[in-house]
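A.B. asks:
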Amino acid sequence: KMNYKMVVVGGGTGGCAAAHMFSRKLGKGNVAVIEPADTHYYQPLWTLVGGGLRKLDQSAQPMNKVLPGACDWIKDSAVQFDPDNNTVFTKHGYEVKYDFLVCAMGLQLNYHLIKGLPEAFDVDPSLCSNYWDKTVIKTRPAMEAVTEGNVIFTFPNSPIKCAGAPQKIMYLTEEYLRQSGKRDKTNVIYNTSLGVVFGVKKYAEALTKIVQERNIQVNFRHNLIEVRPDKKEAVFEHLDTKEQKVFDYAMLHVVPPMSTPEALWNSPLVNESGYVTVKRETLQHTKYPNVFGIGDNTDIPTAKTAAAVASQTGILKKNLAAAMNGHEIAGKQYDGYTSCPLVTSKNTVIMAEFDWDGQPLETFPINQAKERRTMFHFKADIFPQMYWHMLIKGYWHGPGLFRKAMHLGMSR
Ligand code: FAD
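The opening position of the sequence shown corresponds to residue 34 in my numbering, with each subsequent residue numbered one higher.
1) If you draw a straight line from the alpha carbon of residue 307 to that of residue 214, how long is it in whole angstroms?
2) Give the secondary structure of residue 222 by DSSP, where H, G and I count as helix, E and B as strand, and everything else as coil.
3) Between the C-alpha atoms of residue 227 and residue 234, what's the straight-line distance to the nearest angstrom?
4) Examine the Cβ distances between the stretch 232-246 and the stretch 170-181 and report whether three or more of them are shorter than 8 Å.
5) To the nearest angstrom, how far is it from the Cα of residue 390 to the Cα of residue 314?
6) On the criterion of 16 or more Cβ atoms from any shown chain inside 10 Å, does residue 134 qualify as buried, or is it exposed?
7) Check this for me: beta carbons of residue 200 and residue 221, under 8 Å apart or not?
8) Grab the span of the beta strand (DSSP E) containing residue 79 for me, first residue to last.
9) Once the 5 residues before and after residue 182 are set aside, which same chain residues still bring their CB inside 6 Å of it?
10) Is it the case that the CB of residue 389 approaches a heavy atom of the ligand FAD more closely than 7 Å?
11) Quick one, which of 358, 425, 160 and 275 has its alpha-carbon nearest residue 340's?
12) Could you tell me if residue 290 is buried or exposed, where buried requires 16 or more neighbouring beta carbons within 10 angstroms of its beta carbon?
13) Looking at C-alpha atoms only, which residue of 52, 45 and 43 is the closest neighbour of residue 354?
14) Just the Cα atoms here: how many angstroms apart are residue 217 and residue 211?
15) Which of the three DSSP states is assigned to residue 429 in this structure?
16) Excluding sequence positions up to five away, which residues of its chain have a Cβ less than 6 Å from the Cβ of residue 196?
17) Got a sec? Which residues, its chain only, sit under 8 Å from residue 78 by beta carbon, not counting five neighbours each side?
18) Name, in chain order, the residues that DSSP records as bridge partners for residue 111.
19) Does the ligand FAD have even one heavy atom less than 7 Å from the beta-carbon of residue 91?
20) Buried or exposed: where does residue 415 fall if 16 or more other Cβ atoms within 10 Å of its Cβ makes it buried?
21) Does the distance between the C-beta of residue 168 and the nearest non-hydrogen atom of the ligand FAD fall short of 7 Å?
22) Tell me which residues share the same chain as residue 303 and place their Cβ nearer than 6 Å to its Cβ, disregarding the 5 neighbours each side in the sequence.
23) Residues in its own chain within less than 7 Å of residue 166 by CB, not counting five upstream and five downstream?
24) Roughly how many whole angstroms lie between the Cα atoms of residue 279 and residue 269?
25) Given this structure, state the Cα-to-Cα distance separating residue 62 from residue 186, to the nearest angstrom.
26) Would you mind listing the beta strand (DSSP E) stretches within the stretch 191-268 that are 3+ residues and don't spill past its ends, in chain order?
27) May I ask you to report which of helix, strand or coil DSSP gives residue 140?
28) Please confirm whether residue 101 and residue 301 have their CB atoms less than 8 Å apart.
29) Run through the DSSP bridge pairs and tell me what residue 285 is partnered with.
30) Taking all protein chains shown into account, do 16 or more other C-beta atoms lie within 10 angstroms of the C-beta of residue 403, making it buried, or fewer, making it exposed?
31) Give the range of the beta strand (DSSP E) segment to which residue 387 is assigned.
32) Of all the alpha helix (DSSP H) runs that stay within the bounds of the stretch 291-377, which reach a length of 4 or more residues?
33) Expressed to the nearest angstrom, what Euclidean distance is found between the alpha-carbon atoms of residue 256 and residue 229?
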């Protein structure tokens, strides 16, 4: 049995930042993090790792180096939540009690919902996926092995983290095929479960132009349901007509369906879809005032990104502190800010920034729907530094103040 002032479940982007902010405040021995993984990954770099522009180890740090020294790391998985008794149960049988709980468990990758996966990754070098540390390293070699045929990219039928990532790797691959003289013998195909190329109109228009100019075939409402590595076939179901279509592939980049981690599903903390229910502006749980949620595992209706988590850390810092002090939660609250640097080539990015209503919320007073080299530099060089040195230490709460300054106070 263990007892803490505050327990954080998950030591990823949001959990790590929460642990830092509150260990500083509460002091040694008062905060615990339940997290089973040895390695903390900066997942946004995986687009560039898959594209062969960065190495996997550049995205990794040992968990004990990123978690604050002043917190207790319980290296275990949460398996059950009993918020009526302020208790989390772990896989190895610990009962961890808390005064305050932060749920930051991210999303679970459900490759097993696609017939043939994940096993087929082991036998077929042309199958890859930037979403998993085991398979992101297969992407660049798969790209290089293509000589001709269909090069296919998927988007699953579920909410996912970083909704731009399924197509970012497609642009990097298309550019590589073009520059290595193989583009004429290949078809680049984007089979997406969605009915649009991107959820925000302003950026969808820019991306539609790019896919047309680069002769990329987009098939809407196509959902990957089976992979047959022996025949190099991928089976897609049309989500409206239910018709099945078989595509041959020379390379297949799979984005798996995602959900919250299974441990949450039967708990009183979640809605019928398994997401932790929080008040979207304050991050406080809808039923348990001593529980907060941050990041991908919450039901906050905004695109799930590390950039969104950054903005949420500032809100969590203020509101959880208020709750701990018995004060009312007040003042400026979360506006749904999120951002998706849409990598369109090995040196350009469209820097999409928007809120939960799909309204652009751009930091710079320039048109960010344009492909820009400066924005690639932010994505590839500046953001990783900001992540390791500021975001996960709880010192970066998003660009809101910069945006206001850049727009001379005329922005929200
Ligand atoms: P995570 O950082 O995923 O952390 C969740 C943690 O919970 C993990 O450490 C996990 O081990 C732990 N956990 C899970 N289950 C349990 C359990 N039962 N008990 C205890 N711990 C548990 N974001 C951007 O802002 N920009 C980008 O360009 C971008 N690109 C991306 C590209 C790819 C390929 C991927 C995969 C992601 C990308 N993201 C991007 C998204 C970003 O990485 C996530 O949105 C962000 O990391 C979410 O933070 P989180 O704390 O909610 O979850």
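We put the beta carbon where it would ideally sit given N, CA and C, even for glycine. Bear in mind that the values here come from a model prediction, so they are computed numbers and not experimental data.
C.D. replies: The answer reads as follows:
1) If you take the alpha carbons of residue 307 and residue 214, they lie about 46 Å apart.
2) Here residue 222 sits in strand by DSSP.
3) C-alpha separation (whole angstroms): 14 Å.
4) Result no; under three Cβ-Cβ pairs closer than 8 Å.
5) Each residue's CA atom was taken as its position, placing residue 390 and residue 314 some 13 Å apart.
6) Label assigned to residue 134: buried.
7) No.
8) In the DSSP assignment, residue 79 falls outside any beta strand (DSSP E) and lies within the alpha helix (DSSP H) extending over 79-83.
9) The residues 283, in chain order, have a CB closer than 6 Å to that of residue 182 in the same chain once the five nearest residues on each side in sequence are set aside.
10) No, since every heavy atom of the ligand FAD falls outside the 7 Å radius drawn around the Cβ of residue 389.
11) Looking only at 358, 425, 160 and 275, the smallest Cα-Cα distance to residue 340 is reached by 425.
12) It counts as buried.
13) When each option's Cα is compared against that of residue 354, the closest is 52.
14) One C-alpha to the other measures close to 8 Å.
15) Under the three-state reduction of DSSP, residue 429 is assigned to coil, being neither helix nor strand.
16) When the five nearest sequence neighbours on each side are left out, the beta carbons in the same chain lying within less than 6 Å of the beta carbon of residue 196 are those of 336, in order along the chain.
17) Listed in chain order, the non-local C-beta contacts of residue 78 below 8 Å within the same chain comprise 87, 91, 92 and 417, local neighbours out to five positions each way being set aside.
18) When DSSP reads this structure, residue 111 sits in a beta bridge with 123.
19) It does not: the Cβ of residue 91 is nowhere closer than 7 Å to a heavy atom of the ligand FAD.
20) So residue 415 counts as exposed.
21) It does not: the Cβ of residue 168 is nowhere closer than 7 Å to a heavy atom of the ligand FAD.
22) 297 and 309, listed in sequence order.
23) Within the same chain, residue 166 has close Cβ partners 74 and 89.
24) Rounded to whole angstroms, residue 279 to residue 269 spans 6 Å at the Cα level.
25) Rounded to whole angstroms, the separation of the alpha carbons of residue 186 and residue 62 is 46 Å.
26) As far as the stretch 191-268 is concerned, its whole beta strand (DSSP E) runs of at least 3 residues are 219-225, 250-252 and 255-261.
27) Residue 140 sits in coil when the DSSP states are folded into three classes, being neither helix nor strand.
28) For residue 101 and residue 301, no; Cβs fall outside 8 Å.
29) Partner(s): 160 and 185.
30) Burial is judged here by how many other beta carbons sit within 10 angstroms of a residue's own beta carbon; residue 403 has fewer than 16 and is exposed.
31) Per DSSP, the unbroken beta strand (DSSP E) holding residue 387 starts and ends at 381-387.
32) With a minimum length of 4 residues, the unbroken runs of alpha helix (DSSP H) contained wholly in the stretch 291-377 fall at 295-298 and 339-357.
33) Put simply, the backbone Cα of residue 256 is about 14 Å away from that of residue 229.
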